Amino acid sequence: MMSHSILRSIADRIRALLVLQFSIIVDGTQDISGTEQESICLRYVDQDLVPQEVFMGLYQTNDTTGRVLANIALDALTRLNLPLASLRGQTYDGASNMSAVHVHCGAHCINLVTQKACSASILIRDALDWVNQLGVLCSQSGKFKTLFKDIASSNPDIPCTAIRPLCPTRWTVRGKAILAVLAQYESVLEQFGKGKTLLGLVLASSITGDLESLNISLQCRTGTVSGMRAAVECVSQSFQVKRSEVGFHSLFERATQMVQDLDLEPINLPRSRQPPKRFTGQSEGRRPNSAEEHYRAEYFEVLDLINAQLKDRFQQGGLLNLESLENTLLTGQVSSSTEGYPELNHQSLSIQLPMFLANYKFSSVAEAAQILRGLPVQVRSLFGTVETLIRLLLVVPISTAEAERSFSALRRLKTWLRSTGSAIEEACEVLQPYEEVTVEISGEGYVTASKISILVRGLQRLSASHLRTGRFKQPVVVSIEFNSLLSESSILDPRFKRKTFSDDQAANDAIQRLTNAAAQATISDPSQQEALMEQGAAGGTTHRGEHDLGSQGLSVTSMQARKRPSRSGPSCKRH
């Protein structure tokens, strides 16, 4: 199948590297049927020193213990013929079943930091709870949604934005929900009549905005450890600037002005509580003199917590050795940290690295890679061990975002097919992230997922129709043979329209042919061919496994015709 060819091509590309180095990304989710699916992705550095992250497939498992997940990863690497000795990095989401040396997903760390920060302040926590309750009401009540839309639409100066409930686990995607409420505060005035609620949302917005930007930056496929640390340091400095009386005063003034404009309940100093004397002794406890002073202290506590969490969560054990290797690259002092990597020759590195530093100036791994990328072949070959060191620093992933991107495709497929797995689903799952497939696989210049999507959907509809009518007891479509009819499907991708069709009429004719093919082609079980032929001889309808459309045919093979030996795995099923 084409998906298997793609996987083999990717594995061959990794094995063809001058220095075989790769990392693995694993993350899990449940599909629409409640089955646990583990997504496995690989990261490697190509010949141009550009990090690449590729999705390799989903593995079904009934258990998520560390041993089972390790066996799944080992099974995947064995099937791809990738040696474990060349594994240079592992990235997971920080679950408790992960141990040993690995990188805790940077985006997941930011999510946990945001959760801690929003829970540390009673003011911010209560304000976000109100937003969540309003979002739940808006999503579950059609009457409320219509009423809110009518009220919000009455103000032409502010666009009407849907209010959504807050995700209970993804704390770094709450900024838009908060801003939607702030922008339409007048429309939800009765539920948010207290000025301190508005102040809580203003403060929460100032915190979540920076953390969401950091979270997005860490999801880049080409991100590096040094880049992650620099981004975290930049955001940490931003919070240090906000931790000032001037910074808080501007936020408080903004909230106060909105309270006056919306005629809300003023922001007052909360009722003070006298602490027990066993804590304070005979002296009186310190009390703030104003509401601004009270909430400023609470806001500063949140900022201090964020900076402490950023420092703690990004000082991971899995990153310490990489930091030592990066210092070796930047300073030229070869340390003992290189001894654990057989591809790094200590003597060659001691010679090449000072020469590289003497000729070129750089301050990060990315800049060093850019310098090597632009060197002539003869000059670049002088620094072979330095390039190996740079590849090692680039190959370690900083987040599990690539695995989570595959979850979106999984949800779409499970919703469309309403099944627990099939060969077509596997093909679509692997093809979906890739826009291009090589000529060696397809025999064509380009083959995109859009080329097969219309045919897959058409075949699935036909299969479902047979199931409803009782012709077949189970879906029988497994694989599709590609031919010139598939090339016409490229009209779904606008990049191919200029190459494939001379004018709009030719494109419209192709659309009509595809529509006719999807409507007329039928799927049949070869084991039932004889019965169907007898039915046709008796005056019934003959169903054909191949529909000839002039010179352009659609060849469909069935599950029974292409049975393959089942592949056993350690408590997992590849599908």
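According to mature numbering (1 follows the signal peptide of the UniProt record, and there is no 0), the sequence shown holds residues -16 to -1, 1 to 559 in order. The C-beta atom is built at its ideal place from N, Cα and C for all residues, glycine as well. Bear in mind that the values here come from a model prediction, so they are computed numbers and not experimental data.
If L198 and V219 are in contact, beta carbons under 8 Å, what's the gap, nearest whole angstrom? In the sequence shown, counting from the first residue as 1, residue 198 sits at position 214. In the sequence shown, counting from the first residue as 1, residue 219 sits at position 235. At roughly 5 Å, the Cβ-Cβ gap stays under 8 Å, so L198 and V219 are in contact.
For G184, is the classification buried or exposed, using 16 other Cβ atoms within 10 angstroms of its Cβ as the cut-off for buried? Taking the first residue of the sequence shown as 1, we reach residue 184 at position 200. Answer is buried; the Cβ neighbour count reaches 16.
Burial state of E323, where buried means 16 or more other Cβ atoms lie within 10 Å: Taking the sequence shown and counting its residues from 1, the one referred to as residue 323 is at position 339. By the Cβ-count criterion, E323 is exposed, with fewer than 16 other Cβ atoms from all chains shown falling within 10 Å of its own Cβ.
K100: which of D32, R238, V286 sits nearest, CA to CA? For this step, residue 100 is matched to residue 116 along the sequence shown. Nearest neighbour of K100 by Cα position, chosen from D32, R238, V286, turns out to be V286.
Is it right to say L42 is buried, meaning 16 or more other beta carbons lie within 10 angstroms of its own, or is it exposed? Against the sequence shown, residue 42 aligns to sequence position 58. Buried, because 16 or more other Cβ atoms sit within 10 Å of the Cβ of L42.
S7, DSSP secondary structure in three states: Numbered from 1 along the sequence shown, position 23 holds the residue referred to as residue 7. S7: strand per DSSP, three-state reduction.
For C204 and L58, what's the separation of their Cα atoms in angstroms? Reading the sequence shown from its first residue, position 220 is the one you call residue 204. Reading the sequence shown from its first residue, position 74 is the one you call residue 58. Roughly 26 Å between the two C-alpha positions.
Assigned secondary structure, L71 (DSSP; H/G/I helix, E/B strand, else coil): Indexing the sequence shown from 1 puts residue 71 at position 87. Secondary structure at L71: strand, using DSSP grouped into helix, strand and coil.
Own chain partners of L303 with C-beta closer than 7 Å, once the 5 adjacent residues on each side are dropped: Here residue 303 refers to the residue found at position 319 of the sequence shown. So the qualifying residues of the chain are V87, V209.
Assess, as a yes-or-no matter, whether the segment 24 to 44 is touched by the segment 77 to 85 under the definition of 3 or more beta carbon pairs within less than 8 Å. Two segments are said to touch when three or more pairs of C-beta atoms, one from each, lie closer than 8 Å; by this definition the segment 77 to 85 does not touch the segment 24 to 44.
Starting from the N-terminal side, write out each stretch of the alpha helix (DSSP H) that is 4 residues or longer and does not extend beyond the segment 193 to 265. Listed in chain order, the alpha helix (DSSP H) runs fully inside the segment 193 to 265 are 209 to 226, 229 to 246, 261 to 264, counting runs of at least 4 residues.
Alpha carbon of V243 to alpha carbon of R255, nearest angstrom: One-based indexing of the sequence shown puts residue 243 at position 259. One-based indexing of the sequence shown puts residue 255 at position 271. Near 20 Å, if we compare the C-alpha coordinates of R255 and V243.
For I(-11) and V361, what's the separation of their Cα atoms in angstroms? Taking the first residue of the sequence shown as position 1, residue -11 is located at position 6. Taking the first residue of the sequence shown as position 1, residue 361 is located at position 377. Answer to the nearest angstrom: the Cα atoms are 30 Å apart.
Tell whether a beta-carbon distance below 7 Å holds between V349 and S7. In the sequence shown, residue 349 corresponds to position 365, counting from 1. In the sequence shown, residue 7 corresponds to position 23, counting from 1. In this structure, S7 does not lie closer than 7 Å to V349 by Cβ.
On the CB-based measure, 16 or more other CB atoms within 10 Å of its CB, does E386 come out buried or exposed? Indexing the sequence shown from 1 puts residue 386 at position 402. Counting the other CB atoms within 10 Å of its CB gives E386 a total of 16 or more, which places it among the buried residues.
Which residues does DSSP pair with E20 in a beta bridge? Walking along the sequence shown from the start, residue 20 turns up at place 36. E20 is bridged to Q14, T45.
Do S321 and N305 have their C-beta atoms closer together than 7 Å? Here residue 321 is taken as the residue at index 337 of the sequence shown, counted from 1. Here residue 305 is taken as the residue at index 321 of the sequence shown, counted from 1. Between S321 and N305, the C-beta spacing is below 7 Å.
In DSSP terms, what F39 is bridged to: Residue mapping note: residue 39 aligns to position 55 of the sequence shown, counting from 1. Per DSSP, C25.
Output needed for F391: all residues of its chain with C-beta closer than 7 Å, excluding positions within five of it in sequence on either side, in chain order. On the sequence shown, residue 391 is found 407 positions in, with the first residue counted as 1. Residues T13, S23 of the same chain have their beta carbon placed closer than 7 Å to that of F391, with the five preceding and five following residues left out of the count.
Per DSSP, the bridge partner or partners of V87: The residue given as residue 87 occupies position 103 in the sequence shown. Answer by DSSP bridge pairing, in chain order: T75.
Do S105 and E229 have their C-beta atoms closer together than 7 Å? Start at 1 with the first residue of the sequence shown, and residue 105 comes out as number 121. Start at 1 with the first residue of the sequence shown, and residue 229 comes out as number 245. No. Outside cutoff.
Where the alpha helix (DSSP H) through D296 begins and ends: Here residue 296 refers to the residue found at position 312 of the sequence shown. Run containing D296: 275 to 297, per the alpha helix (DSSP H) assignment.
If S383 sits next to G90, beta carbons under 8 Å apart, how far is it from one beta carbon to the other, in whole angstroms? Sequence index remark: in the sequence shown, residue 383 carries index 399 (1-based). Sequence index remark: in the sequence shown, residue 90 carries index 106 (1-based). So it is a contact: roughly 5 Å between Cβ atoms.
At which residues does the alpha helix (DSSP H) containing S321 begin and terminate? Here residue 321 refers to the residue found at position 337 when the sequence shown is read from its first residue. Neither: S321 is in no alpha helix (DSSP H) and is coded neither H nor E.
Based on DSSP bridge pairs, tell me the residues matched to K180. Residue numbering aside, residue 180 sits at position 196 when the sequence shown is read from its first letter. Beta-bridge pairing links K180 to no other residue.
Does DSSP put T130 in a helix, a strand or coil? Residue numbering aside, residue 130 sits at position 146 when the sequence shown is read from its first letter. Looking at T130 - three-state DSSP - the assignment turns out to be helix.
Helix, strand or coil, according to DSSP, for N55 in the structure here? As a first step, residue 55 must be located in the sequence shown, where it is residue number 71. If DSSP states are grouped into helix, strand and coil, N55 belongs with the helices.
Residue from G179, Q336, P272 with nearest C-alpha to L107: Taking the sequence shown and counting its residues from 1, one reaches residue 107 at position 123. Closest option to L107, Cα to Cα, is G179.
Quick check on K100: does DSSP put it in helix, strand or coil? As a first step, residue 100 must be located in the sequence shown, where it is residue number 116. Three-state result, K100: helix.
So what's M339 in DSSP terms, helix, strand or just coil? Taking the first residue of the sequence shown as 1, we reach residue 339 at position 355. For M339, the three-state secondary structure derived from DSSP is helix.
With DSSP collapsed to three states, give me the class of E327. Here residue 327 corresponds to residue number 343 of the sequence shown, with the count starting at 1. Of the three classes helix, strand and coil, the one that applies to E327 here is coil, per DSSP.
So, for F232: in the same chain, excluding its five sequence neighbours on each side, which residues have a beta-carbon less than 6 Å away from its beta-carbon? Translated into positions along the sequence shown, residue 232 becomes position 248. Exclusion of the five residues before and after F232 leaves R280, Y283 as the residues of its chain whose Cβ lies within less than 6 Å of its Cβ.
I'd like the list of long-range same chain contacts for I(-3), defined as Cβ closer than 6 Å, with 5 residues on each side in sequence excluded. Numbered from 1 along the sequence shown, position 14 holds the residue referred to as residue -3. Taken in chain order, the residues that qualify are F6, Y28.
On the criterion of 16 or more Cβ atoms from any shown chain inside 10 Å, does V318 qualify as buried, or is it exposed? On the sequence shown, position 334 is the one that residue 318 refers to. Here V318 is buried. Its C-beta has 16 or more other C-beta atoms within 10 Å.
Short Cβ contact (7 Å threshold) for T206 with P35: Indexing the sequence shown from 1 puts residue 206 at position 222. Indexing the sequence shown from 1 puts residue 35 at position 51. With contacts defined by Cβ atoms closer than 7 Å, T206 and P35 form a contacting pair.
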